[in-house]
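To start, the structure under review is shown below, and the notes come after it.
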Amino acid sequence: MEFSLEEEHEMIRDSAREYAERVLKPESPEWDRVESLSDEGLAAAAEAGFMGLTTPEENGGAGLGNLHACLMLEEINRWDAGMGVTLSVHNSLVCSLLVRHGSQDQRDRWLPRLASGELLGAYCLTEPQAGSDAAAIKCRAEKVEGGWKLTGTKAWVTSGDRAGLYVVYAVTDPEARKGYGIGTFLVPATADGLRPGKKEEKMGIRSSTTTEVLLEDVFVPDEDLVGDPLGGFKIALDALDGGRLGIASQALGIHRACLEDSIRYAKERQQFGKPIAEFQAIAWKLADMATALEASRLLVHRAAWLRDQGEPCTKECSMAKLAASRACNDAAQDAVQIHGGAGYTTEFRVEKYFRDARITEIYEGATDIQRLVISRKILR
Ligand SMILES: Cc1cc2nc3c(=O)[nH]c(=O)nc-3n(C[C@H](O)[C@H](O)[C@H](O)COP(=O)(O)OP(=O)(O)OC[C@H]3O[C@@H](n4cnc5c(N)ncnc54)[C@H](O)[C@@H]3O)c2cc1C
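Position 273 of the sequence shown, counted from 1, bears residue number 273 in the working numbering, the numbering being contiguous throughout.
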């Protein structure tokens with residue numbers, strides 16, 4: 001058994017940390033205020049190689065694994081969780097989906113443009129009536145000569161207004177039983193009939209934009225259907241295993257931010273003639289936060305390692321997301337408490353971490369959906 005990181009893992013972690021401290025640390029508060037990432041910030045992420053981390057070298061990426069991606073995402077989320085989810089969706093739900101399920105032709109046509117950052121990826125599964133019950137989507141894909149016509153409304157799409165390539169799930173056979181009869185389509189932003197709809201005003205991860213995506217008779221050629229026209233839901237679930245690792249890593253990053261800022265504040269803030277860190281009630285909170293972070297990280301890294309080995313890991317990815325997101329929310333709660341009144345203001349970043357933490361328990365399968373996945377596996 002080996003618990004230490006390889007040199008290549010450390011290199012990725014260090015370069016992500018350098019980028020995050022140089023670009024995200026100073027920009028994040030302003031991005032949160034204006035509810036958008038800057039083009040320069042995204043371009044710098046692409047320049048650093050973070051948009052093609054898990055894309056094979058032959059397609060312009062770095063050819064690295066899920067564990068590398070988790071290490072990168074923890075560092076990014078340490079300073080800006082909006083950038084974190086943007087890169088997580090791009091890498092795990094779009095690039096990795098193409099690597100795992102795309103044809104050679106699809107990989108050759110789309111991956112180099114995604115890996116270079118020319119195109120940002122978005123993932124369109126959720127609809128207004130189909131959230132946790134994702135198999136209940138209604139967006140329709142009708143077979144026409146040479147391809148498919150897509151019509152429907154996708155909801156809650158991360159990067160919905162700035163993506164260059166959308167992975168869209170649509171019903172190819174309305175008569176098929178639930179979970180079947182769904183196709184996975186690649187739709188460029190330039191396709192006639194596709195446009196972003198309403199933009200959500202969010203509590204946290206505000207630098208990442210979240211919009212509806214409206215599709216009206218959008219023609220998708222046969223060569224941009226990924227895999228079996230009836231088997232798209234299986235692809236969606238497989239991609240979500242990787243996506244959950246991304247969100248679990250987001251939780252690690254926010255959790256670490258809460259811990260580091262709380263340690264600093266507790267050592268500086270004096271009450272009753274001494275630093276509040278010297279009160280056992282505060283010191284024990286910090287000890288619990290640190291222990292929970294280590295435990296979450298072990299679950300996340302093990303699940304990522306399993307996925308890199310090609311082993312089944314649905315249960316482990318759900319466990320990693322469930323534990324890391326719960327622990328992150330506890331840490332955010334404690335971080336605000338340790339900061340007292342100051343933690344309730346925008347002068348200190350824990351207020352933002354508290355808002356950002358909430359989403360880790362909601363998207364890519366809410367907490368109770370992770371429990372559903374895990375309980376089904378262990379009761380089988
Ligand atoms: C900021 C943001 C970004 C997002 N980005 C994307 C994206 O890029 N692409 C995409 O496709 N989707 C995206 N989503 C959608 C996200 O994945 C869904 O919001 C999530 O799956 C939950 O669905 P819902 O919001 O409809 O909640 P609901 O499904 O309505 O759930 C509401 C509550 O009921 C609980 N619940 C539901 N069913 C059960 C059950 N069977 N047992 C126990 N409890 C249950 C849930 O756990 C939850 O607490 C995003 C969402 C947000 C908020």
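Ideal Cβ placement from N, Cα and C applies to all residues, glycine included.
Contact test: residue i Cβ vs ligand 1 heavy atom, cutoff 8 Å
{"i": "Asp-133", "result": "yes"}
{"i": "Asp-368", "result": "yes"}
{"i": "Trp-31", "result": "no"}
{"i": "Glu-35", "result": "no"}
{"i": "Cys-70", "result": "no"}
{"i": "Leu-97", "result": "no"}
{"i": "Tyr-180", "result": "no"}
{"i": "Val-328", "result": "The identity of residue 328 in the sequence shown is Cys, whereas the question assumes Val. Result no, Cβ not under 8 Å from ligand 1."}
{"i": "Tyr-265", "result": "no"}
{"i": "Ile-205", "result": "yes"}
{"i": "Lys-202", "result": "yes"}
{"i": "Leu-64", "result": "no"}
{"i": "Thr-210", "result": "yes"}
{"i": "Val-85", "result": "yes"}
{"i": "Leu-245", "result": "no"}
{"i": "Gly-164", "result": "no"}
Residue i versus residue j: straight-line alpha-carbon distance, rounded
{"i": "Ile-182", "j": "Leu-230", "result": "5 Å"}
{"i": "Gly-341", "j": "Phe-279", "result": "18 Å"}
{"i": "His-364", "j": "Ala-20", "result": "The residue you asked about is not His; residue 364 is Glu in the sequence shown. The alpha-carbon atoms of Glu-364 and Ala-20 are separated by roughly 24 Å."}
{"i": "Val-373", "j": "Leu-245", "result": "15 Å"}
{"i": "Ala-335", "j": "Arg-78", "result": "14 Å"}
{"i": "Ala-135", "j": "Ile-235", "result": "12 Å"}
{"i": "Thr-55", "j": "Leu-73", "result": "15 Å"}
{"i": "Arg-140", "j": "Thr-190", "result": "20 Å"}
{"i": "Leu-125", "j": "Tyr-169", "result": "6 Å"}
{"i": "Leu-5", "j": "Gly-52", "result": "21 Å"}
{"i": "Glu-216", "j": "Gly-197", "result": "12 Å"}
Proximity winner among the options, relative to residue i (alpha-carbon distances)
{"i": "Glu-201", "options": "Arg-376, Ser-4, Ala-163 and Val-34", "result": "Val-34"}
{"i": "Trp-31", "options": "Thr-54, Thr-360 and Asp-80", "result": "Asp-80"}
{"i": "His-301", "options": "Gln-106, Val-350, Gly-273 and Ala-323", "result": "Ala-323"}
{"i": "Ala-257", "options": "Arg-162, Met-1, Phe-3 and Leu-24", "result": "Leu-24"}
{"i": "Glu-314", "options": "Gly-193, Arg-162 and Ser-375", "result": "Note that residue 314 corresponds to Thr in the displayed sequence, not to Glu. The option with the nearest alpha carbon to Thr-314 is Ser-375."}
{"i": "Asp-241", "options": "Tyr-344, Ala-320, Pro-174 and Asp-222", "result": "Ala-320"}
{"i": "Ala-287", "options": "Ile-247, Gln-270, Gly-204 and Asp-330", "result": "Asp-330"}
Contact between the segment 156 to 166 and the segment 207 to 215 (3+ Cβ pairs under 8 Å)
Under the 8 Å Cβ criterion, the segment 156 to 166 counts as touching the segment 207 to 215, having at least three qualifying pairs.
Tell me whether the segment 1 to 16 and the segment 64 to 72 touch, counting them as touching only if at least three CB pairs, one residue from each stretch, are closer than 8 Å.
Contact annotation: the segment 1 to 16 touches the segment 64 to 72, with at least three C-beta pairs closer than 8 Å.
Quick one: any contact between the segment 264 to 283 and the segment 39 to 52, if contact means 3 or more CB pairs under 8 Å?
At 8 Å Cβ cutoff, the stretches do not touch.
Jot down the residue ranges of each uninterrupted alpha helix (DSSP H) in the segment 295 to 357, minimum 4 residues, whole runs only, in chain order.
List check, alpha helix (DSSP H) in window: 314 to 339.
Do the segment 162 to 171 and the segment 114 to 126 make contact, defined as three or more Cβ pairs closer than 8 Å?
The segment 162 to 171, when compared against the segment 114 to 126, does touch it at the 8 Å Cβ threshold.
Under 8 Å: do the segment 88 to 98 and the segment 144 to 153 share three or more Cβ pairs, one atom per stretch?
Segment contact: the segment 88 to 98 against the segment 144 to 153, fewer than three CB-CB distances shorter than 8 Å; contact not assigned.
With three or more beta-carbon pairs closer than 8 Å as the criterion, would you say the segment 247 to 267 touches the segment 350 to 360?
The segment 247 to 267 vs the segment 350 to 360: in contact.
Inside the segment 51 to 99 only - alpha helix (DSSP H) runs reaching at least 4 residues
The DSSP assignment places 66 to 79 and 81 to 88 as complete runs of the alpha helix (DSSP H) inside the segment 51 to 99, in order along the chain (cut-off: 4 residues).
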